[in-house]
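Notes follow the structure.
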Amino acid sequence: MRGIAGKLSIVLAVVFVAAACGGAPTTSTPTTTASALATTPTFDPMSYMSKLQTNGKIRVGTQEDNTPFSVKNPITSKWEGFDVDVARELAKAIFGSAADPDAFIEYVPVVSATRIPSLTDGKADVIIKTFTITEERKQQIDFSDVYFITGQRILVKKDNTTIKEAADLAGKTVCAQKGSTSEQNMTKATDGKAKPLLLDSYPACLLALQQGQADAVSTDETILFGLVKQDPNTKIVGKPFSDEPYGIGMKKDSGGDRKGFVAFMNTWVGQLISSGTWAKLYEKHITPVSNDKKQTPKG
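Numbering (my numbering), first residue to last: 24 to 322.
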């Protein structure tokens, strides 16, 4: 009995030592939270990026029905589109790439007319929503460097033979979104002779065209591509008659509460493009409706 007991004591001792030295799997495998923390970027504690990290989220203003840029899927309630994926890349740059970016994004639904108020009223941290940079808007808010470039064109019914270019819009009812640059461009291109019909969204403009309330819809070419995909009985006509460089909108750093944010955004936009991520997002969301491919916003 003593021999057996002695051997048993030795076996137990070996097992105990092995467990103590090797450790249990739960202590040697890092948790998801630990992994995420390990990859979280470090910023100046006084910067706006650090403030966002402390808040645990970034509020992104975008539109719910702006194919192919931003759509809230009515079935899954999941946000989809080019601008939405740009927002996700931004969240990764601020909160780290190891975690689900949607866990750090609060989507704030906006339309063209509410983009600037959403920033100035503090409802959104950024606006990523086909936001054309203009000198007038730069007086009210800050913009990132350009991350997308397009131009304004015209959408008509497929059987329309009278509207072929911007000059043909004179005397016609043309739908555009409230608060967008489209109305201004249309007025300039037709010497004020077009009759604007201003609605809250381009799906609403498409419906107006389908129902005969509008003769045409005019806005950025890439948005029109999305409308054609929704209704193949429409077509895009004419050459682009404007330049529409998109930037990401931010509240002006008037009181020092947005320290470093514009500089960070500009660096990040450059990296988004140079890394090839921008081209992948373009191919994923824009190519299916435009039938082209681009490596950068300029082509």
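Using N, Cα and C, we set each Cβ at its ideal position, and we do this for glycine too.
Being a predicted model, the structure only gives us computed values, none of them experimental.
Which of helix, strand or coil DSSP assigns to Ser120: Counted from its first residue, the sequence shown places residue 120 at position 97. Of the three classes helix, strand and coil, the one that applies to Ser120 here is coil, per DSSP.
Whole-angstrom Cβ separation of Asp276 and Asp165, contact assumed at under 8 Å? Sequence index remark: in the sequence shown, residue 276 carries index 253 (1-based). Sequence index remark: in the sequence shown, residue 165 carries index 142 (1-based). Contact between Asp276 and Asp165 is confirmed by a C-beta separation of about 7 Å, below the 8 Å threshold.
If we ignore side chains and look at the alpha-carbon of each, how far apart do Gly174 and Lys211 end up? Position 151 of the sequence shown, counted from the start, is the residue given in the question as residue 174. Position 188 of the sequence shown, counted from the start, is the residue given in the question as residue 211. Gly174 and Lys211: Cα-Cα distance of roughly 14 Å.
Find the nearest neighbour of Thr245 within the set Glu159, Glu267, Met69, judged by alpha-carbon distance. In the sequence shown, the residue the question calls residue 245 occupies position 222. Among Glu159, Glu267, Met69, the Cα nearest to that of Thr245 belongs to Glu267.
Which word fits Glu206, buried or exposed, when buried means at least 16 other C-beta atoms lie within 10 angstroms of its C-beta? Here residue 206 refers to the residue found at position 183 when the sequence shown is read from its first residue. Under this definition Glu206 is a buried residue.
Could you name the residues of the same chain whose beta carbon sits closer than 8 Å to that of Glu129, not counting the 5 residues immediately before and after it, in chain order? On the sequence shown, position 106 is the one that residue 129 refers to. Residues of the same chain with a CB within less than 8 Å of the CB of Glu129, apart from the 5 flanking positions on each side, are Lys80, Ile81, Arg82, Val83 in chain order.
Where Arg281 falls: helix, strand or coil (DSSP): Position 258 of the sequence shown, counted from the first residue, corresponds to residue 281. The three-state secondary structure of Arg281, taken from DSSP, is coil.
Span of the alpha helix (DSSP H) around Gly249: For the purposes of this step, residue 249 is identified with residue 226 of the sequence shown, where counting begins at 1. Where Gly249 is concerned, the enclosing alpha helix (DSSP H) stretches over 244-253.
Cβ shell of Lys321 (< 7 Å), same chain only, five flanking positions each side left out: Position 298 of the sequence shown holds residue 321. So the list reads Ile172, once near-sequence residues are dropped.
Going by the DSSP bridge assignment, what does Cys198 pair with across the sheet? Here residue 198 corresponds to residue number 175 of the sequence shown, with the count starting at 1. Within the DSSP bridge table, the entry for Cys198 names Leu220, Val240 as partners.
Let me check one thing: in DSSP terms, what residues is Leu178 bridge-paired to? In the sequence shown, counting from the first residue as 1, residue 178 sits at position 155. Paired residue(s): Val240, Ile259.
Using three-state DSSP, classify Thr300 as helix, strand or coil. Numbered from its first residue, the sequence shown carries residue 300 at position 277. Correct three-state label for Thr300: helix.
Going by CA-CA distance only, name the one from Asp106, Lys316, Gly272, Asp243 that's closest to Phe264. In the sequence shown, the residue the question calls residue 264 occupies position 241. Closest by alpha carbon: Asp243.
With a threshold of 8 Å on Cβ separation, who are the neighbours of Thr49 within its own chain once the five nearest residues in sequence on each side are excluded? In the sequence shown, the residue the question calls residue 49 occupies position 26. Note that Thr49 scores a pLDDT of 36, beneath 50, so its modelled location is shaky and nothing firm can be said.
Does Tyr130 come out as helix, strand or coil in the three-state DSSP assignment? Translated into positions along the sequence shown, residue 130 becomes position 107. Strand, per DSSP.
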